[in-house]
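Enquirer: In this note's numbering, the protein residues as written are 2 to 455. Can you keep this structure in mind? I'll have questions shortly.
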Amino acid sequence: MASLKEKIAYGLGDMSTSMFWKIFSFYLPIFYSDVFGLPLSAAAMLMLVTRIWDAVSDPMMGVIADRTRSRRGKYRPYLLWMAVPFALAGCLLFTTPGWGASAKLVWAYGTYILMMTVYTAINVPYGAMLAVMTDDSDEKTVFSSYRMFFAYTGSFIALFAWEPLCAYFLDGQSGIVAEQTAWQHAMFVVSAACIILFVLCYRFTRERVDAGVSPSSIASDFRSLLRNRPWWVLTAAALCSNLFNTVRGGTVAYYFKYYIGDGASVEFVGLSFLFYAGLFLAVGEVCNMLGVACAVPVSRRLGKRGTMLACCALLAVLSAAFFYVPCTGGGFVVMLELQIAISVLTGIISPLIWSMYADVADYAAVRYGTASSGLIFSSGSMAQKFGGALAGWGVISLLDGFGLVPNAEAQTEAALLGLRLTMSWIPAVVAVVMGFVALCYPLGRRNAAVEEFV
Numbered sequence: 002m003a004s005l006k007e008k009i010a011y012g013l014g015d016m017s018t019s020m021f022w023k024i025f026s027f028y029l030p031i032f033y034s035d036v037f038g039l040p041l042s043a044a045a046m047l048m049l050v051t052r053i054w055d056a057v058s059d060p061m062m063g064v065i066a067d068r069t070r071s072r073r074g075k076y077r078p079y080l081l082w083m084a085v086p087f088a089l090a091g092c093l094l095f096t097t098p099g100w101g102a103s104a105k106l107v108w109a110y111g112t113y114i115l116m117m118t119v120y121t122a123i124n125v126p127y128g129a130m131l132a133v134m135t136d137d138s139d140e141k142t143v144f145s146s147y148r149m150f151f152a153y154t155g156s157f158i159a160l161f162a163w164e165p166l167c168a169y170f171l172d173g174q175s176g177i178v179a180e181q182t183a184w185q186h187a188m189f190v191v192s193a194a195c196i197i198l199f200v201l202c203y204r205f206t207r208e209r210v211d212a213g214v215s216p217s218s219i220a221s222d223f224r225s226l227l228r229n230r231p232w233w234v235l236t237a238a239a240l241c242s243n244l245f246n247t248v249r250g251g252t253v254a255y256y257f258k259y260y261i262g263d264g265a266s267v268e269f270v271g272l273s274f275l276f277y278a279g280l281f282l283a284v285g286e287v288c289n290m291l292g293v294a295c296a297v298p299v300s301r302r303l304g305k306r307g308t309m310l311a312c313c314a315l316l317a318v319l320s321a322a323f324f325y326v327p328c329t330g331g332g333f334v335v336m337l338e339l340q341i342a343i344s345v346l347t348g349i350i351s352p353l354i355w356s357m358y359a360d361v362a363d364y365a366a367v368r369y370g371t372a373s374s375g376l377i378f379s380s381g382s383m384a385q386k387f388g389g390a391l392a393g394w395g396v397i398s399l400l401d402g403f404g405l406v407p408n409a410e411a412q413t414e415a416a417l418l419g420l421r422l423t424m425s426w427i428p429a430v431v432a433v434v435m436g437f438v439a440l441c442y443p444l445g446r447r448n449a450a451v452e453e454f455v
């Protein structure tokens, strides 16, 4: 049985990656269009095309990690080796060079590909660690819950502080150059915190299960992966989950800037708050943590698949309801209430998916005789990034199609309708698709590592 200190330390690893990931998912689209200065169409294409490399880098990193041998462990050393490159890549991503349009576009592609490559190099081994830290399925869910709890804690801190950090470094200055510098310096602060968190995760975790080095060839590992039905289903569900989260999250900054507007306030539980994107997103992260706390007891009662099905149904209904909320003081309260409920549900789903990947890895070891946890967990990272990429591309493309003009003082009715749809009906449809996918998941609690059932 792992200690509380180790569970917390494991969570600190995803706290670090989530601080970056949520800023990338929720603020990078508006950074590219409104700060960096890319046209909406170019920003959308950037976020889609760069995923082609991720289709190669994620499984490649999984194969490399599965075949790593060191005195520090199999997957754990990557936390130490890649912590500083991870932070530096994030700083470069939010750096705007004073170049011409074509050169800046090349810079954007280069830094985005670099960031996602380094992200893969640290996040795939981190996820695969779960399979070698314990061989108990329920304890994997506990570890996953700690992981997601701290992931949402990091996300809350980053999202709540991001706009104030940018404002602090802006220091009353105006102009696009000052804004670009402020965003860069804010990322310096977040990057420094990420290095510390990864070092702590490395220091206080251990690999207990000796998975060894995969005895099979790389080709054999890939063949067994492609025959693994639970892996296909779970990867599709993970993609939908991240697509749902990023469509909503990636729209929020635009939604508040162009639909709600500056200076809005909301009265909640007797207190008045400035109603801005960072607050809305940060409330969501707190409620994600509440959902994570509920994941273990709910899944023990309903099963992992049953829990996902129930959550997907509720997400579809609540997301669709968001479309009909008016842009008024009372409406803002309802928006927050819907955000709370939706975030609790997504918080329940997240640890279940990573725990189910560990079950799929056990299943592959028994059925196909492959020690390929890294390869299997890399698909989770790949699904996360593909979901984020598709969402980022889709959000920006939709807003461009509806006629949104970056930094314009007033937007057309069509552009505002596009914002409302991407916050409501579009994620609702994704939730329905995710529910149908989850219905096909074939592994149960008792036989996750032994056999399939229909």
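The C-beta atom is built at its ideal place from N, Cα and C for all residues, glycine as well. In this text the structure is predicted, and so the values were computed from the model without any measurement.
1. Go through its chain and collect everything with a Cβ distance to VAL438's Cβ below 8 Å, but skip five positions before and after it.
2. By the three-class DSSP mapping on this structure, what secondary structure does SER273 have?
3. For LEU440, I'd like the list of residues in its chain whose CB is within less than 8 Å of its CB, leaving aside the five on either flank, ordered along the chain.
4. For GLU268, does the three-state DSSP call read helix, strand or coil?
5. In angstroms, rounded to a whole number, what distance separates the CA positions of LEU115 and ALA90?
6. Starting from the Cα of ALA390, find the closest Cα among ILE65, ASN243, ILE354 and give me that residue.
7. Determine the closest residue to VAL85 out of MET48, PHE199, MET16, with distance taken between C-alpha atoms.
8. Kindly list the residues whose CB is nearer than 7 Å to the CB of ALA43, restricted to its own chain and excluding five residues on each side of it in sequence; keep chain order.
9. Do you know offhand how far GLY101's Cα is from PRO407's?
10. Can you list the alpha helix (DSSP H) stretches of 4 or more residues lying completely in the stretch 287-326, in chain order?
11. For THR457, I'd like the list of residues in its chain whose CB is within less than 6 Å of its CB, leaving aside the five on either flank, ordered along the chain.
12. With H, G and I counted as helix, E and B as strand and the rest as coil, what does DSSP make of TRP100?
13. Please list the terminal residues of the continuous alpha helix (DSSP H) segment that includes ASP139.
14. Taking LEU171 as the reference, give the member of LEU417, HIS186, THR206 with the closest Cα.
15. Among LEU399, ALA432, GLU268, whose alpha-carbon lies nearest the alpha-carbon of MET46?
16. Could you please give the first and the last residue of the uninterrupted alpha helix (DSSP H) stretch that includes TYR255?
17. Looking at the unbroken alpha helix (DSSP H) that takes in GLN181, where does it start and where does it end?
18. Keeping to the same chain, check which residues put their C-beta closer than 6 Å to that of ALA265; ignore five residues upstream and five downstream.
19. Go ahead and label MET130 buried or exposed: buried means 16 or more other beta carbons lie within 10 angstroms of its beta carbon, across all protein chains shown.
20. ASP136: which of ILE377, PRO443, ALA3, THR154 sits nearest, CA to CA?
21. Report the three-state DSSP secondary structure of GLN174 (helix, strand or coil).
22. If you draw a straight line from the alpha carbon of ALA179 to that of PHE274, how long is it in whole angstroms?
23. Give the secondary structure of SER71 by DSSP, where H, G and I count as helix, E and B as strand, and everything else as coil.
24. Once DSSP output is grouped into helix, strand and coil, what is the label at ALA210?
25. Here's the rule: buried if 16 or more other CB atoms are within 10 angstroms of the residue's CB, otherwise exposed. What is ARG301?
26. Looking at the structure shown, is MET117 part of a helix, part of a strand, or coil, going by DSSP?
27. Taking 7 Å as the limit between beta carbons, can you name the residues of its chain near ILE350, skipping five residues before and five after?
28. Helix, strand or coil for THR464 per DSSP?
29. In its own chain, which residues sit with a C-beta less than 6 Å from the C-beta of ALA104, not counting the 5 before and 5 after it?
30. Roughly how far, in whole angstroms, is the beta-carbon of THR252 from the beta-carbon of MET424, given that I think they are within contact range, below 8 Å?
31. For THR206 and ALA10, which I take to be in contact (beta-carbon distance under 8 Å), what is that distance rounded to the nearest angstrom?
32. Please report how far the alpha carbon of GLU338 lies from the alpha carbon of LEU418, in whole angstroms.
33. Please classify ARG447 as buried or exposed, where buried requires at least 16 neighbouring CB atoms within 10 angstroms.
34. Tell me whether VAL455 is buried or exposed, calling it buried when 16 or more other Cβ atoms sit within 10 Å of its Cβ.
35. For LEU49 versus GLY393, is the C-beta spacing smaller than 9 Å?
36. Whole angstroms are fine: how far does the CA of SER145 sit from the CA of LEU353?
Expert: Once the coordinates are examined:
1. Mapped onto the sequence shown, residue 438 falls at position 437. So the qualifying residues of the chain are VAL234, ALA237, ALA238, CYS241.
2. Here residue 273 is taken as the residue at index 272 of the sequence shown, counted from 1. Looking at SER273 - three-state DSSP - the assignment turns out to be strand.
3. To locate residue 440, count along the sequence shown from 1; it is residue 439. Around LEU440: ARG306, LEU310.
4. Start at 1 with the first residue of the sequence shown, and residue 268 comes out as number 267. Reduced to three states, the DSSP call for GLU268 is strand.
5. Translated into the one-based positions of the sequence shown, residue 115 becomes position 114. Translated into the one-based positions of the sequence shown, residue 90 becomes position 89. In a straight line, the C-alpha of LEU115 is about 7 Å away from that of ALA90.
6. Here the question's residue 390 lines up with position 389 in the sequence shown. Among ILE65, ASN243, ILE354, the Cα nearest to that of ALA390 belongs to ASN243.
7. In the sequence shown, the residue the question calls residue 85 occupies position 84. The shortest C-alpha separation from VAL85 is found at PHE199.
8. Within the sequence shown, the letter at position 42 stands for residue 43. Excluding residues within five positions, the ones whose Cβ falls inside 7 Å are LEU106.
9. Position 100 of the sequence shown, counting from 1, holds the residue named residue 101. Position 406 of the sequence shown, counting from 1, holds the residue named residue 407. Rounded to the nearest angstrom, the two C-alpha atoms are 19 Å apart.
10. 305-323
11. The structure shown does not extend to residue 457, since the chain is modelled only from 2 through 455, so no value can be given for it.
12. On the sequence shown, residue 100 is found 99 positions in, with the first residue counted as 1. Three-state DSSP puts TRP100 in coil, outside helix and strand.
13. Locating residue 139 in the sequence shown gives position 138, counting from the first residue. Where ASP139 is concerned, the enclosing alpha helix (DSSP H) stretches over 138-171.
14. Within the sequence shown, the letter at position 170 stands for residue 171. Out of LEU417, HIS186, THR206, HIS186 has the C-alpha closest to the C-alpha of LEU171.
15. Here residue 46 corresponds to residue number 45 of the sequence shown, with the count starting at 1. The shortest C-alpha separation from MET46 is found at LEU399.
16. Taking the sequence shown and counting its residues from 1, the one referred to as residue 255 is at position 254. Where TYR255 is concerned, the enclosing alpha helix (DSSP H) stretches over 230-255.
17. Within the sequence shown, residue 181 is the residue found at index 180, counting from 1. Run containing GLN181: 177-205, per the alpha helix (DSSP H) assignment.
18. Here residue 265 refers to the residue found at position 264 of the sequence shown. Excluding residues within five positions, the ones whose Cβ falls inside 6 Å are PHE276.
19. As a first step, residue 130 is located in the sequence shown; it is residue number 129 there, counting from the start. Its Cβ being crowded by 16 or more others within 10 Å, MET130 is buried.
20. The residue you call residue 136 lines up with position 135 of the sequence shown. Residue ALA3 is the option with its Cα nearest to ASP136.
21. For the purposes of this step, residue 174 is identified with residue 173 of the sequence shown, where counting begins at 1. Three-state DSSP puts GLN174 in coil, outside helix and strand.
22. The sequence position of residue 179 within the sequence shown is 178, counting from 1. The sequence position of residue 274 within the sequence shown is 273, counting from 1. Taking the straight line joining both Cα atoms gives about 27 Å.
23. For the purposes of this step, residue 71 is taken as residue 70 along the sequence shown, with counting starting at 1. DSSP places SER71 in coil when its eight states are reduced to three.
24. Sequence index remark: in the sequence shown, residue 210 carries index 209 (1-based). Ala is not the amino acid found at residue 210; the sequence shown has Val there. If DSSP states are grouped into helix, strand and coil, VAL210 belongs with coil.
25. Looking up residue 301 in the sequence shown gives position 300. So ARG301 counts as exposed.
26. In the sequence shown, counting from the first residue as 1, residue 117 sits at position 116. MET117: helix per DSSP, three-state reduction.
27. Looking up residue 350 in the sequence shown gives position 349. Cβ within range, chain order: SER242, MET309, CYS312.
28. Lying outside 2 to 455, the shown extent of the chain, residue 464 is not represented and no answer is given.
29. Numbered from its first residue, the sequence shown carries residue 104 at position 103. Cβ neighbours of ALA104 beyond the five flanking positions: none.
30. Mapped onto the sequence shown, residue 252 falls at position 251. Mapped onto the sequence shown, residue 424 falls at position 423. That belief holds up - the Cβ atoms of THR252 and MET424 are roughly 5 Å apart, short of 8 Å.
31. Taking the sequence shown and counting its residues from 1, one reaches residue 206 at position 205. Taking the sequence shown and counting its residues from 1, one reaches residue 10 at position 9. So it is a contact: roughly 5 Å between Cβ atoms.
32. If you number the sequence shown from 1, residue 338 lands on position 337. If you number the sequence shown from 1, residue 418 lands on position 417. Roughly 21 Å between the two C-alpha positions.
33. Within the sequence shown, residue 447 is the residue found at index 446, counting from 1. Confidence at ARG447 is low in this model, with a pLDDT of 48, below 50, so its placement is unreliable and the value that follows should be read with caution. Exposed, since its Cβ has fewer than 16 Cβ neighbours within 10 Å.
34. Here residue 455 corresponds to residue number 454 of the sequence shown, with the count starting at 1. Any reading at VAL455 must be qualified, since the residue scores a pLDDT of 28, below 50, and its modelled position is unreliable; no value is offered.
35. Taking the sequence shown and counting its residues from 1, one reaches residue 49 at position 48. Taking the sequence shown and counting its residues from 1, one reaches residue 393 at position 392. Their beta carbons are under 9 Å apart, which means LEU49 touches GLY393 by this criterion.
36. Taking the sequence shown and counting its residues from 1, one reaches residue 353 at position 352. Taking the sequence shown and counting its residues from 1, one reaches residue 145 at position 144. In a straight line, the C-alpha of LEU353 is about 7 Å away from that of SER145.
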